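When you line the sequence shown up against the working numbering, it's residues 57 to 191, in that order.
No residue lacks a Cβ here, since even glycine has one placed at the ideal position from N, Cα and C.
These numbers come from a predicted model, not from an experiment.
First the structure, in the form of structure tokens, and then the observations on it.
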Amino acid sequence: MTNVSTGRSAMVRITDRGPFVEERIVDLSLAAAKAVDVWRPGTAEVKLEVVSAPAPILEGGRWCVQIGAFHSESEARKLKEKLQDRYENANVIQFTGPTGQWVRIRPEGDDKRKAQEVASKTHVKEGGVFLVRLD
Numbered sequence: 057m058t059n060v061s062t063g064r065s066a067m068v069r070i071t072d073r074g075p076f077v078e079e080r081i082v083d084l085s086l087a088a089a090k091a092v093d094v095w096r097p098g099t100a101e102v103k104l105e106v107v108s109a110p111a112p113i114l115e116g117g118r119w120c121v122q123i124g125a126f127h128s129e130s131e132a133r134k135l136k137e138k139l140q141d142r143y144e145n146a147n148v149i150q151f152t153g154p155t156g157q158w159v160r161i162r163p164e165g166d167d168k169r170k171a172q173e174v175a176s177k178t179h180v181k182e183g184g185v186f187l188v189r190l191d
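In structure tokens form, the structure reads like this:
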């Protein structure tokens, strides 16, 4: 990872799927943030270069669509029910995540193309819509 404005870089291991915040691609540990000069400003434009991955990034894989995080279980449940009606052939899941109640749509076969199609057609008021690789 390289901080575009300072040129400082560090090797980091990405172990999480998130941050699920619009226009952010990664959250860093304190050590990594200090190494690439992101600690004080809090955010920065960075360049990621993948050195290795457990499976090819652009093909295959198991995919789903993450649809925000909710503080209210009832709001998450309402969205889940609405989405299940809309996407009958998908598995809509509601569960407790680190920031509250999460809702995900897993298209049939966890197919990337189908997940991209769902993500492009789904808009929500609270949170965002993100394509997530599960493997």
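Quick one: is residue i buried, meaning 16 or more other Cβ sit within 10 Å of its Cβ, or exposed?
| i | result |
| --- | --- |
| L190 | exposed |
Residue i by DSSP, collapsed to three states: which one?
| i | result |
| --- | --- |
| S85 | coil |
| V174 | helix |
| K103 | strand |
| A125 | strand |
| S130 | helix |
Could you tell me the alpha carbon to alpha carbon distance between residue i and residue j, rounded to whole angstroms?
| i | j | result |
| --- | --- | --- |
| S34 | N147 | A question about residue 34 goes unanswered here, because the residues of the chain that appear run from 57 up to 191. |
| E101 | V60 | 6 Å |
| Q223 | G63 | Nothing about residue 223 can be read from this structure; the chain reaches only from 57 to 191. |
| I70 | K138 | 33 Å |
inquiry  = Can you confirm whether the stretch 122-141 touches the stretch 87-95 when touching is taken to mean that 3 or more C-beta pairs between the two stretches lie within less than 8 Å?
reply    = As far as the Cβ criterion goes, the stretch 87-95 does not touch the stretch 122-141, which means the pair count is below three.
query = Taking one C-beta from the stretch 130-137 and one from the stretch 83-90 each time, how about it: are there three or more such pairs within less than 8 Å?
reply = Short answer: they don't touch.
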